[in-house]
Amino acid sequence: MIRKLFLIMILLFCSLLFTSNFQERAVAEQTKNHVDELNRIALFAHVLEKQKAKVEKWTLYARETQSSVVTKKQFVREAAIQRAKLDEYKWLALKPNEGSIGWEGVKNTPEHIQMRVTYTAYPQGKYYQAVILYRVVGESFNQVKWTQQKKDINAELKRIFHGQEHIYTCVRADRSAKMKIGLIKEGKRYIKLFSGAPIERLQEKTFVSISAYTKIWNNAIYTGNKKMNIQAALRNDGDRTIIVLGSPIITVEY
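For the sequence shown, the residue numbers in mature numbering (1 follows the signal peptide of the UniProt record, and there is no 0) are -19 to -1, 1 to 235.
Right under this line is the structure:
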């Protein structure tokens, strides 16, 4: 009997150890992915600056959809808990839109970036589908400031989400002259800098957008039946050219 209890205790200990190690690996992998995705902001900024373009804005956008539907009462209660946890944000109720309800909080950090968190729920029959949004906007780019900014963003991602969020990064810059080699060639050149293979493009007289896939990054979305995880958009605007790089897609107006 004692031997049997001893074996059971060993099995329980091994199970707990395995679960703990698995959770630690999952957290470590998630942190690694966050760092990799955040690093793309700096990578895009450096590439653009090297091409004589001035970074005027960078953004990070993260979104998580709740896996199960909830009642309106459950959502209101959960949103209140989250708002209390993020009490340094200034919160306002959103205007109802087609039955949706929600709150939005804004915070300006000492590192000169603005963070915005939105808790929204959309009606699904008698229930609601909850969505969490997190958006960060920074003007210009400074590597010294970025070190702390990245730490702040990564800390917020851990506070706000439950590990199922999707992250999108963008950097927008402009050059004080029109492209001499043509927008499409310049766009392909940017994609090539990231070892990307173009999969589709949109081309107009003063605008071009190229979607591509690079194997050096481990995230991707599908367009049709093809993977993509980088996008470049270029537009001639008077005497300047606006350039936007995004991963996996561009989420800002261009």
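Backbone N, C-alpha and C define an ideal beta-carbon position, used for all residues, glycine too.
Computed from a predicted structure; not experimentally measured.
*For Tyr149, which residues of its own chain have a beta-carbon under 6 Å away from its beta-carbon, when the five flanking residues on both sides are left out?*
For the purposes of this step, residue 149 is taken as the residue at position 168 of the sequence shown. Tyr42, Thr232, listed in sequence order.
*asked:* Quick check on DSSP: helix, strand or coil for Gly168?
replied: As a first step, residue 168 is located in the sequence shown; it is residue number 187 there, counting from the start. In the structure shown, Gly168 sits in a helix (DSSP, three-state: H, G or I).
*Report the rounded CA-to-CA distance for Gln184 versus Ile165, giving the unit in angstroms.*
For this step, residue 184 is matched to residue 203 along the sequence shown. For this step, residue 165 is matched to residue 184 along the sequence shown. In this model, Gln184 and Ile165 are separated by some 8 Å (Cα to Cα).
_Every unbroken beta strand (DSSP E) within the segment 109 to 150, with a cutoff of 3 residues, ordered by chain_ = The qualifying runs do not exist here; there are none.
*Determine the extent of the alpha helix (DSSP H) in which Ala65 is found, giving its start and end residues.*
On the sequence shown, residue 65 is found 84 positions in, with the first residue counted as 1. In the DSSP annotation of this structure, the continuous segment of the alpha helix (DSSP H) that includes Ala65 starts and ends at 53 to 66.
*List the endpoints of the continuous beta strand (DSSP E) containing Leu41.*
In the sequence shown, counting from the first residue as 1, residue 41 sits at position 60. First-last of the beta strand (DSSP E) with Leu41: 35 to 46.
*Return helix, strand or coil for Glu79, following the three-state DSSP convention.*
One-based indexing of the sequence shown puts residue 79 at position 98. DSSP places Glu79 in the coil class of the three-state scheme, outside both helix and strand.
_Since Asp21 and Ser228 should fall inside the 8 Å C-beta cutoff, what is the C-beta to C-beta distance between them, to a whole number of angstroms?_
Locating residue 21 in the sequence shown gives position 40, counting from the first residue. Locating residue 228 in the sequence shown gives position 247, counting from the first residue. First, the residue type needs correcting, since residue 21 is Arg and not Asp in the sequence shown. With a Cβ gap of about 5 Å, Arg21 and Ser228 count as contacting.
_Integer Cβ distance of Glu120 from Glu45, believed to fall under 8 Å_ = In the sequence shown, counting from the first residue as 1, residue 120 sits at position 139. In the sequence shown, counting from the first residue as 1, residue 45 sits at position 64. In fact, because the Cβ distance is near 26 Å, the residues do not count as touching under 8 Å.
*asked:* Can you tell me which residues form a DSSP beta bridge with Tyr103?
replied: Mapped onto the sequence shown, residue 103 falls at position 122. Its beta-bridge partners are Gln110.
_DSSP bridge partner residues for Tyr235 (one or two, in chain order)_ = If you number the sequence shown from 1, residue 235 lands on position 254. Note: Tyr235 sits in no beta bridge, so no partner.
*Specify the secondary structure class of Ile180 as computed by DSSP and reduced to three states.*
Taking the sequence shown and counting its residues from 1, one reaches residue 180 at position 199. Note: Ile180 maps to strand in three-state DSSP.
*asked:* Rounded to the nearest angstrom, what separates Ile134 and Val117 at their Cα positions?
replied: In the sequence shown, counting from the first residue as 1, residue 134 sits at position 153. In the sequence shown, counting from the first residue as 1, residue 117 sits at position 136. One alpha carbon belongs to Ile134, the other to Val117, and they sit about 8 Å apart.
*asked:* Can you tell me whether Glu85 is helix, strand or coil according to DSSP?
replied: Along the sequence shown, one-based indexing puts residue 85 at 104. Strand.
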